[in-house]
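The next block holds one structure in the form of structure tokens; read it before the comments.
Residue numbers (the working numbering): 360 to 927.
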């Protein structure tokens, strides 16, 4: 990859190598030695417990491997017909994995006119920079760059879009995508176990259907912006935008006409927006949030794999699992080990922590930007009204208040009757809707960072449809209810507002390990790769047999063909 570092208006370079992300300038707090002592003691205790439990863990690994060796295909996976909704990086990674598994009858539907999803011009906002390093946001086997310094750095949305196109072209995926096609409805016939999609061509308005599908996988994560509906919006004389509507053209209009801007929100998107405005030299901005969010320090979590940082990564594995026991303890250990940052006063409220990362340069620039603590409750003619009775005037209000996948926009029917998704119902294996098993969510199966997690969606889909014994809806519902994580098809834990995403992520992986989906050794290997060794390969489920053997023919019939190797 050519190192294109040319910046756009009010933005950093398109590609920033790790070595150019800035040097931390924060002073260590007075309590730092005590914090590291706490981390050292808690880490030693954690690994002592792990050592004591090692016979049980090894026995579990052995039993699981013996179980996996007995897995057989009950249905030829090459007969499956799959639909994927969304041609962003998850949808394309999922498609590529299906093709490697021999599942070729796959259709991808994209409502916009090209690839890209969140990173396409239709959805990306001005100043959108990817959270993590290119190392943990690469496709499987397709890095951004062979240069470790570049691969360890950050990239702007425009370059992510180019990268997605390169991956699609290298794997001949574009021809399998239907663009400008909105998926309107899904009709499930339980007697057949298949679904029919109703589609609309967004250019012509022509409606059509496509069927039958064994599984429809929702691979869209941020299709629509969340904009709170507050009283008084009809009298407000300015304009409201979601961050997905904050384009470079909007920024130029704001600067040219000297409009008063109010940015609402404390997460990563709000940081991008206020930084974009400040970098453009524009200061007529008021930043409002209910409470400052917590962020990872980029160089602490996604480090350079130096011996010191590898040792820190070993302590972080313990910190993550302690968070599964207690949010507050997890927060204290995160602060003690130097992983966290906030623009305001440090706190331990992990409901205001969604895994965002800020590099040293971002943190330094954000320290110079003032913000206001307040809870928006309505509008008046001039601007935003807060719960304490105060008001903030503005001409343009930019809501940095998260996104939703859009799966709730689907019209669903089951056996001819309307069907409504229960927003709190859990998914079977955090993937399949138990009461509508033709629908699954790649967005909810948040196994790891970046597009690589979608390889797990393809593997689990083939396992569910072609390997394991067919389960009834009630069996799947009972299994899903026993899961620890509150993950659901509409309220994925990664967007949860009233819970700790990291704690839910720990519960999520415990669920998958207890259900036999994720091998314990695969989870540990993957965690060590990401947090200690600063690299990433897909999390290996190891749930698919290597060979497909057709069922034995009836007595007297011709011999069945030889087994075929389906390994990827």
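We put the CB at the ideal spot given by N, CA and C, even for glycine.
Quantities reported herein were computed from a predicted structural model and do not represent experimental measurements.
How should residue 494 be labelled, buried or exposed, when 16 other C-beta atoms within 10 angstroms of its C-beta is the threshold for buried?
buried
Just to confirm the assignment: which complete alpha helix (DSSP H) runs, minimum length 4, are found wholly within the region 638 to 717?
657 to 660, 666 to 684, 686 to 695
Alpha carbon to alpha carbon, how far is residue 693 from residue 708? Give it in angstroms, no decimals.
12 Å
Does DSSP classify residue 476 as helix, strand or coil?
helix
Just grab the DSSP bridge partners of residue 465 for me.
441
Counterpart residues of residue 544 in DSSP-defined beta bridges:
557, 770
Host alpha helix (DSSP H) of residue 868 (start-end):
860 to 873
Just to confirm, is the Cβ distance from residue 438 to residue 478 under 8 Å?
no
Assign residue 634 to one of two classes, buried (16 or more other C-beta atoms within 10 Å of its C-beta) or exposed (fewer than that).
buried
Short Cβ contact (8 Å threshold) for residue 854 with residue 805
no
Let me make sure I understand the geometry here. Which of 900, 613, 649, 404 has the alpha-carbon closest to that of residue 856?
649
Cα separation between residue 743 and residue 710?
24 Å
Report yes if the C-beta distance between residue 816 and residue 453 is below 8 Å; otherwise report no.
yes
Check whether the Cβ atoms of residue 602 and residue 484 sit closer than 8 Å, and answer yes or no.
yes
Quick one: Cα of residue 699 to Cα of residue 653, how far?
6 Å
Member of 802, 543, 565, 631 whose CA lies at the smallest distance from the CA of residue 760:
631
Distance check for residue 395 and residue 549, CA to CA, integer angstroms please.
56 Å
Here's the rule: buried if 16 or more other CB atoms are within 10 angstroms of the residue's CB, otherwise exposed. What is residue 831?
exposed
Quick check: the Cα distance between residue 490 and residue 879, rounded to an integer number of angstroms?
28 Å
Applying the criterion that 16 or more other CB atoms from any shown protein chain within 10 Å of the CB defines a buried residue, is residue 627 buried or exposed?
buried
Flag this pair as yes or no: are the beta carbons of residue 433 and residue 826 separated by less than 8 Å?
yes
In three-state DSSP terms, what is residue 595?
coil
With a threshold of 16 other CB atoms inside 10 Å of the CB of residue 617, please say whether the residue is buried or exposed.
exposed
Can you tell me which of 541, 393, 767 puts its alpha carbon nearest to the alpha carbon of residue 848?
767
Ignore the nearest five residues each way along the sequence and tell me which others in residue 870's own chain have a CB closer than 7 Å to its CB.
789, 842, 843, 844
Using the three-state DSSP reduction, which class does residue 759 fall into: helix, strand or coil?
coil
Is the beta carbon of residue 496 less than 8 Å from the beta carbon of residue 808?
yes
Which one of 769, 380, 810, 666 has the shortest CA to CA distance from residue 511?
380
For residue 536: DSSP bridge partner residues
467
Here's the rule I'm using: 16 or more other beta-carbon atoms within 10 Å means buried, otherwise exposed. How should residue 781 be labelled?
exposed
Less than 8 Å between the beta carbons of residue 462 and residue 441, yes or no?
yes
Restricting to Cα atoms, I'd like to know which of 450, 551, 596, 543 is closest to residue 561.
543
Residue 354 to residue 813 span [Cα, whole Å]:
Past the boundaries of the shown model lies residue 354; the chain is included only from 360 to 927, so the question cannot be answered.
Give the DSSP-derived three-state secondary structure of residue 394 in the structure shown.
helix
Could you tell me which of 610, 403, 793 sits nearest to residue 757, measuring between CA atoms?
610
Taking just the CA atoms, how far does residue 721 sit from residue 620?
20 Å
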